[in-house]
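Residue numbering for the sequence shown follows our numbering, starting at 551 and increasing by one per position.
The C-beta atom is built at its ideal place from N, Cα and C for all residues, glycine as well.
Nothing here was measured: the structure is a model prediction, and the numbers come from that model.
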Amino acid sequence: LGGTTVVRLSKTLIMKGGGSVMASEAEILRLIASRTTIRAPRVYRSFQVKDDTQYFGTTGYIVMDFIPGQPLDESWNSLSRDTQGKIAAQVAEIIQEMQSIELPQPGPTGGGPSRGRFFTDYSAGPFMDTAEMEAWFNHKLDICKSVHQAPKDIPPFHFTKFVLTHNDISPRNLILDQHEKVWLIDWAYSGAYPPVFESAALSIQPFFTDFNEAVLSLIPRYPEEEMQLDSIAYGLTTAALA
C-alpha cells in the first residue's frame, strides 16, 4: 500500500521514500545500531510529510547507508554449499540476537500499523497492548473456524513476550559484502512481535526453500504457534477485511 522508491544520493548514501515508508523503520534501525551488533544500514535523517493521497496519510523519507555488495537473491544459487552454510549460520545468529531483545509494546517501534504477512495486505492495528493484538488474531481464528478453514481444536492465541523481529528475512533483503559478511536490509515490517513470527515467516516463503530450510535448522522452532499462524491463512487473505 503506497509505493516505495530508493534513490542513490552519493557513493555511500541512499534515500528511501514513499507512502509505505513509516517512521517506525527509521526507529528500529536506530535501535539496531544502539543495542545490537547486527549489520544493517545506519540512519542519518528521517522525516514524515502529511499526505492525504497515501493509504497511511503520510509519505516517509529515510537517508541511510548504501550497503555495497551482492544482493543474495542474485547470487545464492551460484554460491558453494560451504558459503551457503556460512551465510545461513550468520542469518541464524542475527535472528538469535534479535530474539534476545525483549520489548514491552507490541507492534512497530514508536507505534503505527503492523504490516507483513501476518497482518493482511491492509495492515492491522495499531495495537495498544498485548490484549488488543491477541484479540485481533483470535478474531481471525474465529472467522476461519466458522467457515471450516481452521481445525476446531486450534487453541486461541496467547502471547507471552515480544522480541525484536524483522518479519521479512529473505535473500532479497540480504547483502553479501566483500568479506562474505551478511547485511540485513528493508526493515519495513519489523517491530516487537512473538518469537514465532520469524520462523513462521521463513517456513512459508515459496522461494529459496533451501535457504529457508538451512536457516530454520539453526534457530528455535515453535511448532504449535506456527500451526496457529498457518491456520488463519484464510482470514489473512480471502477474509482479510472481515
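Residue(s) in a DSSP beta bridge with residue i
i: ILE612; result: LYS566, SER596
i: LEU726; result: GLN620, VAL732
i: GLU684; result: According to DSSP, GLU684 bridges with nothing at all.
i: GLU652; result: VAL713
i: GLY657; result: ALA742
Three-way DSSP call (helix, strand, coil) for residue i in this model
i: TYR743; result: strand
i: ALA674; result: strand
i: VAL697; result: coil
i: ARG667; result: coil
i: PHE715; result: Reading the sequence as shown, one finds Thr at residue 715 and not Phe. Note: THR715 maps to strand in three-state DSSP.
i: THR633; result: helix
i: ARG585; result: helix
i: THR554; result: strand
i: GLY785; result: helix
i: ARG578; result: Correcting the residue identity first, residue 578 is Ile in this sequence and not Arg. If DSSP states are grouped into helix, strand and coil, ILE578 belongs with the helices.
i: ALA590; result: coil
i: TRP626; result: helix
i: SER753; result: helix
i: GLN604; result: coil
i: ASP780; result: helix
Through-space distance from residue j to residue i, alpha-carbon basis
i: ALA681; j: HIS708; result: 9 angstroms
i: ILE582; j: PRO773; result: 28 angstroms
i: GLY635; j: LYS600; result: 45 angstroms
i: GLN699; j: SER560; result: 51 angstroms
i: ILE578; j: ALA742; result: 10 angstroms
i: SER584; j: SER673; result: 28 angstroms
i: SER650; j: VAL713; result: 7 angstroms
i: ASP692; j: ASP671; result: 19 angstroms
i: TRP686; j: ILE782; result: 11 angstroms
i: VAL571; j: ASN723; result: 16 angstroms
i: GLU647; j: THR586; result: 7 angstroms
i: THR555; j: LYS702; result: 44 angstroms
i: THR562; j: SER740; result: 24 angstroms
i: ASN627; j: SER696; result: 43 angstroms
i: GLN755; j: ALA573; result: 26 angstroms
i: ALA751; j: THR603; result: 31 angstroms
i: PRO591; j: THR788; result: 36 angstroms
i: ARG580; j: GLU643; result: 19 angstroms
i: PHE597; j: PRO744; result: 28 angstroms
i: TYR594; j: ILE617; result: 14 angstroms
i: PHE758; j: THR608; result: 34 angstroms
i: TRP737; j: GLU575; result: 6 angstroms
i: VAL746; j: ARG771; result: 7 angstroms
i: GLY569; j: ALA638; result: 32 angstroms
i: GLU748; j: ASN762; result: 11 angstroms
i: ARG589; j: ASP760; result: 23 angstroms
i: GLN728; j: ARG558; result: 20 angstroms
i: GLU684; j: ALA764; result: 30 angstroms
8 angstroms contact criterion, which residue i and residue j should meet: CB distance rounded
i: MET565; j: VAL613; result: 5 angstroms
i: PRO721; j: ASP623; result: 4 angstroms
i: ILE725; j: ILE645; result: Not quite, the Cβ-Cβ distance comes to about 17 angstroms (not below 8 angstroms), so this is no contact.
i: LEU766; j: SER753; result: 6 angstroms
i: GLY657; j: PRO676; result: 6 angstroms
i: LEU791; j: PHE668; result: Not quite, the Cβ-Cβ distance comes to about 16 angstroms (not below 8 angstroms), so this is no contact.
i: GLY553; j: GLY610; result: Going by Cβ atoms, the distance from GLY553 to GLY610 rounds to 12 angstroms, so no, they are not a contact pair.
Any non-hydrogen atom of the ligand HEM within 8 angstroms of residue i CB
i: ILE564; result: Looking at this structure, you won't find the ligand HEM or any other ligand, since it has none at all.
Next item on the list: Could you tell me whether the segment 705-724 touches the segment 652-667, using the rule of 3 or more Cβ pairs below 8 angstroms?
Entry: They touch, by the three-pair rule.
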